[in-house]
Amino acid sequence: MEDLFKGKLVRLAGIDPEEVSKSFAQWNRDSEYMRLLDSDPPRLQSTKAIKEWLEKELEKATDMYWFAIRALEDDRLLGDVTLSVINWGSREAFAGIGIGAREFWGQGYGTDAMQVILRYGFIELNLRRISLNVFEFNQRALHSYEKAGFRLEGRQRQFIQREGRRWDILFMGILREEWMDNYGYNISDG
Amino acid sequence: MLAIQTPLFEAQDIRLGPIDHEKDPEVESKWTHDCEFMRLMELKLIRPQVPAMVKKGYEALEKEIEEAKNLFYFTIRAREDDRLLGKAVLEWIDWSNGNGYLRLGIGSGTDRGKGLGAQALGLLLRFAFAELNLFRVTIVIPEYCQAAIALVNKFGFLEEVRRRKAILRDDRVWDLIIFGLLRTEWVDESALRLRSSSPLNFAQGE
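Keeping their order, the protein sequence lines are chains E and R. Numbered according to this note's numbering, the first sequence spans residues 864 to 1053. Numbered according to this note's numbering, the second sequence spans residues 3 to 208.
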């Protein structure tokens, strides 16, 4: 059996609130990163507040599959990735990813992590489709998602306001059958 | 009449009102036993609820409204006798970007198809744009809700996103469609009425 948690550049690991809160508190101080990550205005939370939030979220989030992204090379913590199942009847989940360590941007680490979590979603969670959204101004992410096999499904017009202008938010999706075609799998969904 | 006096909660046959914790749970419990209504109203897996459970739901909802401050919940009631007809919600309001999601439903099959939902939608859009100052309103509708799609099209909403095959129900798949309306595209019917009926014409002075 293949290792579902391992990619070519990264592996997915459990979240240790003690360790991850320290990294989040650092990464959050990078305003560009925060603006790519979320449409909410950024807050600079303390390590302690983030740790408590993480512990609470991890405990209650039964339909959220949340992983740390670690470099295979030296096991360094690079970011985090989530799959939030929004409907078990339709078996759809939303993916979210952040590479907080800036020196790893644009080198395929995020794409690799996304490919690992897609495989986990389709093989382990038996999902039918995986969705995500991305801001118009995050072209790097858009290209990474296209590379992973996501297709553009539309745009919510002028959804976000930053620096005196409005930007669209793009919706992307990948269906189980598209993923199987792309990655050479043939697994019935039961 | 000044624009500020335009009633926010009154339409021709319906009005928006608060929850009535005594009377409404009985009525809404009946709706939750109607799978057609539930599948039109809810994307999540449906389940029937006894009145006590509905009541608990109202309490949880009011707690959420108090704490999160990004949710407006109205009941839709008949003007005639204040009977509960449905519910109308503006939720997930994102204040810094001026976005909100809208959801409404008329509970009983016998009250549907009479234009009551359209009256409620008109009020809710006016509330979103003229009171909350939102920049855009989003509505998410499954492909099989044809009446709802026709209604939002009539109000000028544009189809923006199609989440392909996002819903699996009755052994077939349906798209989930996201519609959007910007403040600049919204037609304020009551302002048009106000202008055409006004005896004063400020442009021409005294």
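Built from N, CA and C at the ideal position, the CB exists for glycine as well. Note that the structure is predicted; figures quoted are calculated from it, not measured.
task = Tell me, to the nearest whole angstrom, how far the beta carbon of Tyr60 of chain R is from that of His23 of chain R; I am working on the premise that it is less than 8 Å.
result = Contact check for Tyr60 of chain R and His23 of chain R: beta-carbon distance about 6 Å, within the 8 Å limit, so the pair qualifies.
key: Lys167 of chain R burial status per 10 Å Cβ neighbour count (16 or more: buried)   = Buried.
request  = Please report how far the alpha carbon of Asp1052 of chain E lies from the alpha carbon of Ala976 of chain E, in whole angstroms.
outcome  = Going by the C-alpha atoms only, they are around 23 Å apart.
request  = Starting from the Cα of Trp968 of chain E, find the closest Cα among E:Trp890, E:Leu1015, E:Ile986, E:Asp1031 and give me that residue.
outcome  = Here the closest residue by C-alpha is E:Trp890.
task = Look up Tyr1046 of chain E in the DSSP assignment and say whether it is helix, strand or coil.
result = In this structure, Tyr1046 of chain E counts as helix in the three-state DSSP scheme.
request  = Can you give me the Cβ contacts of Pro201 of chain R inside the same chain, cut-off strictly under 8 Å, excluding the 5 residues immediately before and after it?
outcome  = The predicted model places Pro201 of chain R with a pLDDT of 47, which falls under 50 and marks its position as unreliable, so this point remains unresolved.
key: Rounded separation between Leu160 of chain R and Glu882 of chain E - CA only   = Leu160 of chain R and Glu882 of chain E have their C-alpha atoms spaced approximately 45 Å apart.
inquiry  = In this structure, how does DSSP classify Gly88 of chain R when only helix, strand and coil are distinguished?
reply    = If DSSP states are grouped into helix, strand and coil, Gly88 of chain R belongs with the strands.
query = When the Cα atoms are used, what is the spatial distance from Glu30 of chain R to Gly1017 of chain E?
reply = So the alpha carbons of these two residues sit roughly 35 Å apart.
ask   = Between the beta-carbon of Arg138 of chain R and the beta-carbon of Gly182 of chain R, is there less than 8 Å?
value = Judged by their CB atoms, Arg138 of chain R and Gly182 of chain R are nearer to each other than the 8 Å cut-off.
ask   = How big is the Cα-Cα spacing for Glu12 of chain R and Trp176 of chain R?
value = Straight-line spacing of the CA atoms in Glu12 of chain R and Trp176 of chain R works out to 35 Å.
query = Using the beta-carbon count (16 or more within 10 Å), is Ile1050 of chain E buried or exposed?
reply = By the Cβ neighbour-count rule, Ile1050 of chain E is exposed, with fewer than 16 other Cβ atoms within 10 Å of its own.
request  = Give the straight-line distance between the Cα atoms of Glu72 of chain R and Leu104 of chain R, rounded to the nearest whole angstrom.
outcome  = The amino acid at residue 72 of chain R is misidentified as Glu; the sequence shows Asn. Straight-line Cα distance between these residues: approximately 12 Å.
key: Through-space distance from Leu178 of chain R to Arg210 of chain R, alpha-carbon basis   = With chain R running from 3 to 208 in the structure shown, residue 210 of chain R is simply not present.
task = Would you list, in sequence order, the uninterrupted alpha helix (DSSP H) runs of no fewer than 4 residues that lie entirely inside the stretch 963–1049 of chain E?
result = Counting whole runs of 4 or more residues, the stretch 963–1049 of chain E contains the alpha helix (DSSP H) stretches 972–986, 1002–1011, 1039–1046.
query = Can the beta-carbon of Gly942 of chain E be found less than 8 Å from the beta-carbon of Ala964 of chain E?
reply = In this structure, Ala964 of chain E lies closer than 8 Å to Gly942 of chain E by Cβ.
task = Please work out which residues of its chain come closer than 7 Å, Cβ to Cβ, to Leu126 of chain R, disregarding the five sequence neighbours upstream and downstream, and give them in chain order.
result = Counting only Cβ-Cβ distances below 7 Å, and skipping sequence neighbours, we find Ala90, Leu92, Leu104, Leu106.
request  = With 8 Å as the threshold, decide whether the Cβ of Lys46 of chain R is near any Cβ in chain E.
outcome  = With 8 Å as the cut-off, Lys46 of chain R counts as an interface residue toward chain E.
request  = Determine the DSSP secondary structure at Met927 of chain E, reduced to helix, strand or coil.
outcome  = Strand at Met927 of chain E.
request  = Note down the Cα distance separating Leu867 of chain E from Phe957 of chain E, rounded to an integer number of angstroms.
outcome  = Each residue's Cα considered, the two are about 19 Å apart.
message = Can you pull the chain E neighbours of Ala130 of chain R, defined as C-beta to C-beta under 9 Å?
response = The premise fails here: Ala130 of chain R is roughly 15 Å from chain E at the closest Cβ pair, so nothing lies under 9 Å.
ask   = Is any beta-carbon of chain R found at less than 8 Å from that of Ile993 of chain E?
value = Contact with chain R is absent for Ile993 of chain E, since none of that chain's Cβ atoms lies less than 8 Å from the residue's Cβ.
inquiry  = Could you check whether the Cβ of Glu865 of chain E sits closer than 8 Å to any Cβ belonging to chain R?
reply    = Chain R, which has no Cβ nearer than 8 Å to the Cβ of Glu865 of chain E, makes this no.
message = Is there a C-beta anywhere in chain E that falls below 8 Å from the one on Ala62 of chain R?
response = No, because no Cβ of chain E sits closer than 8 Å to the Cβ of Ala62 of chain R.
query = Expressed to the nearest angstrom, what Euclidean distance is found between the alpha-carbon atoms of Arg1020 of chain E and Ile962 of chain E?
reply = Cα-Cα distance, rounded: 26 Å.
message = Would Arg1039 of chain E and Leu990 of chain E be called neighbours here (beta carbons separated by less than 8 Å)?
response = It is a contact, given that the beta carbons lie within the stated cut-off.
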